[in-house]
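**Q**
2 protein chains.
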Amino acid sequence: MTTEAAFIAALRAIATAPAARGLADDAAVLDVGGSRLVLTMDAIVEGVHFLRDDPADSVAWKLVATNVSDLAAKGAVPRGCLLTYPLAADPDWDAVFLRGLEEAVRHFAIPLLGGDTVRQPEGSPRSFSLVALGEPEAGVAVPSRGGARSGDRLWLSGPVGDAGLGLAVLRGERHTAPEHRAVLAERYRRPSPRPMLGAALAPHVHAMMDVSDGVLIDAARLAAASEVAAVVELGQLPLSRAFVETVGDSLPERLFAAGAGDDYCLLFAAPPEADAMLERIAAWHRNSLYPVGRVMGGRGLSLLYQDDPVPLPGRLGFQH
Amino acid sequence: MTTEAAFIAALRAIATAPAARGLADDAAVLDVGGSRLVLTMDAIVEGVHFLRDDPADSVAWKLVATNVSDLAAKGAVPRGCLLTYPLAADPDWDAVFLRGLEEAVRHFAIPLLGGDTVRQPEGSPRSFSLVALGEPEAGVAVPSRGGARSGDRLWLSGPVGDAGLGLAVLRGERHTAPEHRAVLAERYRRPSPRPMLGAALAPHVHAMMDVSDGVLIDAARLAAASEVAAVVELGQLPLSRAFVETVGDSLPERLFAAGAGDDYCLLFAAPPEADAMLERIAAWHRNSLYPVGRVMGGRGLSLLYQDDPVPLPGRLGFQH
Numbered sequence: 015m016t017t018e019a020a021f022i023a024a025l026r027a028i029a030t031a032p033a034a035r036g037l038a039d040d041a042a043v044l045d046v047g048g049s050r051l052v053l054t055m056d057a058i059v060e061g062v063h064f065l066r067d068d069p070a071d072s073v074a075w076k077l078v079a080t081n082v083s084d085l086a087a088k089g090a091v092p093r094g095c096l097l098t099y100p101l102a103a104d105p106d107w108d109a110v111f112l113r114g115l116e117e118a119v120r121h122f123a124i125p126l127l128g129g130d131t132v133r134q135p136e137g138s139p140r141s142f143s144l145v146a147l148g149e150p151e152a153g154v155a156v157p158s159r160g161g162a163r164s165g166d167r168l169w170l171s172g173p174v175g176d177a178g179l180g181l182a183v184l185r186g187e188r189h190t191a192p193e194h195r196a197v198l199a200e201r202y203r204r205p206s207p208r209p210m211l212g213a214a215l216a217p218h219v220h221a222m223m224d225v226s227d228g229v230l231i232d233a234a235r236l237a238a239a240s241e242v243a244a245v246v247e248l249g250q251l252p253l254s255r256a257f258v259e260t261v262g263d264s265l266p267e268r269l270f271a272a273g274a275g276d277d278y279c280l281l282f283a284a285p286p287e288a289d290a291m292l293e294r295i296a297a298w299h300r301n302s303l304y305p306v307g308r309v310m311g312g313r314g315l316s317l318l319y320q321d322d323p324v325p326l327p328g329r330l331g332f333q334h
Numbered sequence: 015m016t017t018e019a020a021f022i023a024a025l026r027a028i029a030t031a032p033a034a035r036g037l038a039d040d041a042a043v044l045d046v047g048g049s050r051l052v053l054t055m056d057a058i059v060e061g062v063h064f065l066r067d068d069p070a071d072s073v074a075w076k077l078v079a080t081n082v083s084d085l086a087a088k089g090a091v092p093r094g095c096l097l098t099y100p101l102a103a104d105p106d107w108d109a110v111f112l113r114g115l116e117e118a119v120r121h122f123a124i125p126l127l128g129g130d131t132v133r134q135p136e137g138s139p140r141s142f143s144l145v146a147l148g149e150p151e152a153g154v155a156v157p158s159r160g161g162a163r164s165g166d167r168l169w170l171s172g173p174v175g176d177a178g179l180g181l182a183v184l185r186g187e188r189h190t191a192p193e194h195r196a197v198l199a200e201r202y203r204r205p206s207p208r209p210m211l212g213a214a215l216a217p218h219v220h221a222m223m224d225v226s227d228g229v230l231i232d233a234a235r236l237a238a239a240s241e242v243a244a245v246v247e248l249g250q251l252p253l254s255r256a257f258v259e260t261v262g263d264s265l266p267e268r269l270f271a272a273g274a275g276d277d278y279c280l281l282f283a284a285p286p287e288a289d290a291m292l293e294r295i296a297a298w299h300r301n302s303l304y305p306v307g308r309v310m311g312g313r314g315l316s317l318l319y320q321d322d323p324v325p326l327p328g329r330l331g332f333q334h
């Protein structure tokens with residue numbers, strides 16, 4: 015067990031309130047008044063979740079977006095956020111960060127409600143923490159990772175692999191045409207979760223989560239939480255034009271896309287009877303939904319590529 | 015303007031939702047489902063808010079307690095908290111921290127709901143962030159810093175100066191008898207806010223806040239937010255036996271007590287008509303309340319000592 019896994023296991027023993035959902039979901043769900051509040055707290059750290067030379071406004075965007083992505087996965091409409099900000103002696107960087115923060119809180123309609131600043135020693139990596147609060151629609155159950163049932167289809171709400179490829183391009187490990195470079199870097203730096211789409215999907219799904227660490231590891235987590243088996247058809251994973259024109263579209267690239275993190279789209283399980291409703295939601299929200307696999311009895315994750323079994327890679331995704 | 019003041023001013027321009035209270039209060043107040051939720055986020059940093067060799071369990075306690083203190087100041091009963099935890103390669107320290115965390119969330123009845131772990135580079139100072147949520151009593155206005163009126167009395171809910179003196183003792187700057195040392199160190203490391211007392215006081219106060227940076231600076235903030243003048247009678251500040259037996263009880267020591275931080279008691283303004291009710295609340299909660307000054311027309315803070323004016327010290331308190 016890694017230090018982090020051991021630590022989280024110990025935290026779990028403390029977080030016994032039902033609202034904590036066993037620390038096994040993307041967010042906590044607290045009853046307040048006659049409503050419920052979805053609560054999530056994600057931190058991002060320089061060198062782990064963003065690059066040292068990423069523009070400060072995109073760091074702010076990513077901080078807000080990764081938290082909004084958790085709200086989207088729980089079908090919660092953003093209500094507010096609070097920020098812990100490390101002040102280093104770099105007012106120019108701070109000013110650009112604030113521009114990005116303002117842009118992000120407007121874009122996602124998530125008012126900044128408060129927070130704290132802390133002094134940060136010179137030279138230590140920047141680390142930001144954000145808490146986001148959202149409210150699910152009245153009367154709709156807040157989807158967990160754990161409700162998928164045998165017979166469900168697995169769906170994705172957007173292309174995968176772009177952010178991972180964008181990171182590789184920014185690091186100089188991959189090369190591509192300038193217009194693709196811009197698209198892919200943007201996908202790494204400025205994820206675009208869709209909370210209103212998540213809220214529209216919530217009444218129709220059995221399980222939902224956001225894809226933050228890679229489709230494979232997140233599908234494995236959904237299957238484990240639901241005590242079912244998941245099959246992902248790699249050939250059905252949606253890939254962007256920028257991705258395909260940069261690296262191609264054969265099995266190794268699809269495995270790369272499925273194991274790269276930072277997609278921040280939605281992964282959900284829904285029964286086939288929901289197909290027509292999902293189609294209407296996709297049209298209404300101008301956001302394609304992609305069937306990428308299915309849920310079966312049993313345990314674990316298995317992969318197909320054009321109907322042939324594919325061995326699981328040793329590393330399913332990115333764990334930060 | 016300091017970097018921090020400039021940064022917070024810029025944040026304020028973004029945090030325009032009424033729930034944010036202009037970032038000028040101890041907490042945000044969000045309407046949720048017919049109720050309200052009080053939200054606060056405080057971070058603590060090694061070398062700033064706690065000492066490097068403070069026991070890890072007391073660091074956890076302090077992290078929870080400083081946030082609960084903000085809830086207490088808003089009359090909010092704790093509902094839950096979320097934690098951002100920096101994982102360094104020190105599982106022993108982590109284990110002791112978790113013991114303290116468990117003890118604190120039980121003591122303050124504030125369930126741990128979630129959070130995030132982040133990798134922390136070796137050797138960088140530890141930094142923790144916590145968000146606490148609380149719910150005020152139905153129908154009771156959430157007191158702000160800004161409601162004090164001319165004619166109000168100023169009150170404190172506990173002794174001041176102990177934590178500041180405890181820090182000085184731990185640093186070896188002051189010396190005292192072993193039994194006092196233990197008391198004072200404990201007051202620095204393990205503040206004991208009283209949220210149920212805060213909730214009982216809330217309906218009867220015009221303004222309330224917690225004393226985190228020192229009575230003088232916090233009274234000046236309350237007066238500024240309320241657009242009134244505050245007078246503090248230094249001779250009335252409650253001092254503990256450990257404090258008095260360590261440093262004495264003359265004007266310089268009282269100024270020290272009034273300018274030291276980390277007291278985490280409540281400072282509030284209430285009309286004289288509330289005196290009898292305050293007495294009953296104090297008896298019920300077994301917690302003395304101390305009248306320490308008054309509110310007048312005008313602006314600013316002034317000090318008295320045994321009825322004589324005392325010039326304001328250059329540094330009113332501790333700003334972290």
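Note that the protein sequences, when read in sequence, are chains A and B.
Sequential numbering from 15 applies to the first sequence in our numbering.
Sequential numbering from 15 applies to the second sequence in our numbering.
Using N, Cα and C, we set each Cβ at its ideal position, and we do this for glycine too.
Values in this document were obtained by computation on a predicted structure and should not be read as measured data.
1) Note down, in chain order, each residue of its chain lying with its Cβ closer than 7 Å to the Cβ of R195(A), except the 5 sequence neighbours on either side.
2) Mind checking if L53(B) is an interface residue toward chain A, Cβ cutoff 8 Å exclusive?
3) Check each candidate in H299(B), I295(B) and L318(B) and name the one with the smallest Cα separation from V409(B).
4) Among the residues of its own chain, which have a CB less than 6 Å from the CB of S254(A), if the five just before and after it don't count?
5) Would you kindly work out how many angstroms separate the C-alpha atoms of D232(B) and R159(B), rounded to a whole number?
6) What's the gap between the Cα of V309(B) and the Cα of V132(B)?
7) Taking the beta carbon of A260(A) as the centre, do at least 16 other beta carbons fall within 10 Å, making it buried, or is it exposed?
8) Considering only heavy atoms of the ligand FAD, does any lie closer than 7 Å to the CB of L65(B)?
9) Helix or strand or just coil, what does DSSP make of V246(B)?
10) Determine whether the beta carbon atoms of M34(A) and L127(B) lie at a separation below 8 Å.
11) Return no unless some Cβ of chain A is closer than 8 Å to the Cβ of P157(B).
12) Could you check which residue in A20(A), A243(A), E187(A) and A87(A) has the C-alpha nearest to that of D166(A)?
13) Suppose contacts are defined by Cβ-Cβ distances below 8 Å. Is S171(A) in contact with L236(A) by that definition?
14) Would you say V219(B) and C279(B) are within 8 Å of each other, going by their C-beta atoms?
15) If contact is defined by three or more beta carbon pairs under 8 Å, each pair taking one atom from either stretch, is the stretch 138 to 156 of chain B in contact with the stretch 191 to 208 of chain B?
16) Skipping 5 residues on each side, what residues in its chain have a beta carbon closer than 6 Å to that of V324(B)?
17) Alpha carbon to alpha carbon, what distance is there between L251(B) and V52(A)?
18) Would you mind working out which of E187(B), G161(B) and L96(B) sits nearest S143(B), comparing C-alpha positions?
19) What does the Cβ neighbour count give for Q134(A), buried or exposed, with the cut at 16 atoms within 10 Å?
20) To the nearest angstrom, how far is the alpha carbon of G129(A) from that of D40(B)?
21) Among G61(B), L77(B) and P157(B), whose alpha-carbon lies nearest the alpha-carbon of R50(B)?
22) Check whether the Cβ atoms of A271(A) and G178(A) lie closer than 8 Å to each other.
23) Is any beta-carbon of chain B found at less than 8 Å from that of P125(A)?
24) Can you tell me where the alpha helix (DSSP H) holding Y304(A) begins and where it ends?
25) Does DSSP put G114(A) in a helix, a strand or coil?
26) Identify the contact partners of S49(A) in chain B, using a Cβ-Cβ distance below 9 Å as the criterion.
27) So the candidates are A102(A), L330(A), Y99(A) and R313(A); which of them puts its Cα closest to the Cα of R163(A)?
28) Thinking just about the alpha-carbon of each residue, which of A38(B), F282(B) and A274(B) is nearest to the one in L336(B)?
**A** This is what the structure gives:
1) Short of 7 Å from the beta carbon of R195(A), and not among the five residues preceding or following it, lie these beta carbons of its own chain, in chain order: V183.
2) yes
3) The displayed coordinates of chain B run from 15 to 334. Any statement about residue 409(B) would go beyond what the structure contains.
4) P173 and D176
5) D232(B) and R159(B) have their C-alpha atoms spaced approximately 10 Å apart.
6) The alpha-carbon of V309(B) is positioned some 46 Å away from that of V132(B).
7) According to the sequence provided, residue 260(A) is Thr. The question's Ala does not apply to it. With 16 or more other Cβ atoms within 10 Å, it is buried.
8) Summarising the ligand content, the structure contains no ligands, and the ligand FAD is consequently not present.
9) strand
10) According to the sequence as given, residue 34(A) is Ala; it is not Met. Their beta carbons are under 8 Å apart, which means A34(A) touches L127(B) by this criterion.
11) For P157(B), not one C-beta of chain A is nearer than 8 Å to its own C-beta.
12) A243(A)
13) no
14) no
15) no
16) L317
17) 43 Å
18) When each option's Cα is compared against that of S143(B), the closest is L96(B).
19) Here Q134(A) is buried. Its C-beta has 16 or more other C-beta atoms within 10 Å.
20) 10 Å
21) P157(B)
22) yes
23) yes
24) Note, Y304(A): premise wrong, no alpha helix (DSSP H); beta strand (DSSP E) at Y304 to M310.
25) helix
26) Per Cβ cutoff of 9 Å: V46, G47, G48 and S49.
27) Distance check between R163(A) and each of A102(A), L330(A), Y99(A) and R313(A) places R313(A) closest, using alpha-carbon atoms only.
28) Shown here, chain B extends from 15 to 334; a query on residue 336(B) therefore has no answer.
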